[in-house]
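Student: Counting in this note's numbering, the sequence shown runs without a single skipped number right up to 115 at its last residue. Using N, Cα and C, we set each Cβ at its ideal position, and we do this for glycine too. Pasting a structure here, questions to come.
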Amino acid sequence: MAKKQKAANYQKFVIPGLLLIIVGIVIVTYFLPGRDLGTFDNIDPNAHLNKEVRVVLDKSFPFDTNSQPGKTIFRVIDRKGNKVMVAVEGVPPAGMTQAETIVVIGHFHHKIFDAIEVKLD
-5 MAKKQKAANY QKFVIPGLLL IIVGIVIVTY FLPGRDLGTF DNIDPNAHLN
45 KEVRVVLDKS FPFDTNSQPG KTIFRVIDRK GNKVMVAVEG VPPAGMTQAE
95 TIVVIGHFHH KIFDAIEVKL D
């Protein structure tokens, strides 16, 4: 009888504890945003839906403020090594050249990714 009571006491704590661990793993892996680089491959160039892509700034390409009035153009590299031109209104955020990764939010306009926002990651 004493053995059954000990087993019942363990089950009271072990099963809820395992459920909490499983729920925690699901929340961390599914709901929290990933820190991996994204890709431009899955963005439809004909759709004007804004998408968020985590990329690396191509530091070998200088910022261009002369090609399009009021915009700054720079180049980024995605997870697959695709180099994409990005145009953002005004001046990009300070410290962008020192950031490990950046997040660009926008859509394609012809072959240029027209960013409505650039965030440091």
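Among 21, 63 and 56, which one has its Cα closest to the Cα of residue 79?
Tutor: It is 56.
Student: Bridge partners for residue 46 per DSSP, in chain order?
Tutor: Note: residue 46 sits in a beta bridge opposite 99.
Student: What residue range does the beta strand (DSSP E) around residue 108 cover?
Tutor: Residues 106 to 114.
Student: For the candidate residues 15, 94, 61 and 71, whose alpha-carbon lies nearest to that of residue 83?
Tutor: Of the listed residues, the one whose Cα sits closest to residue 83 is 61.
Student: DSSP has residue 17 in a bridge; who is on the other side?
Tutor: Bridge partners of residue 17: none, in fact.
Student: I need the straight-line Cα distance from residue 18 to residue 65, nearest angstrom please.
Tutor: Whole-angstrom Cα-Cα distance: 43 angstroms.
Student: Just the Cα atoms here: how many angstroms apart are residue 43 and residue 88?
Tutor: Rounded to whole angstroms, residue 43 to residue 88 spans 26 angstroms at the Cα level.
Student: Leaving aside the five residues before and after residue 100 along the sequence, list all residues of the same chain whose C-beta is less than 6 angstroms from its C-beta, in chain order.
Tutor: These residues qualify, in order along the chain: 44, 107, 108, 109 and 110.
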